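Notes to accompany the following structure.
In our numbering, the protein residues as written are 34 to 136.
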């Protein structure tokens, strides 16, 4: 009887230890799942921020390029008008000299 009680006592201690280990393992698994979900949320937020920053920068570059194109076109038109004005004044002076020489 003594041996049976001893064996049952040892088995109950081992059973309690196994149950304790299972519970601790489950708690750790639950904690790891929470951390994994948290990391996934952080990564999703980071990805969203990354794409937003890229879109903002792309939009800014596009706007800058449009501004530069408008400036270049305006400058080109101004230069064209100045050249036309200069050529017109030279033609007028040439015609005036021609009339003076005829006259």
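For each residue, glycine too, the CB sits at the ideal point set by N, CA and C.
Computed from a prediction, not measured in an experiment: that's the story for all the values here.
Where residue i and residue j are concerned, what is the direct C-alpha to C-alpha distance, given to the nearest angstrom?
i, j, result
"residue 54", "residue 63", "14 Å"
"residue 111", "residue 79", "47 Å"
"residue 100", "residue 108", "12 Å"
"residue 36", "residue 47", "16 Å"
"residue 69", "residue 86", "25 Å"
Under DSSP, the alpha helix (DSSP H) around residue i begins and ends at which residues?
i, result
"residue 101", "35-135"
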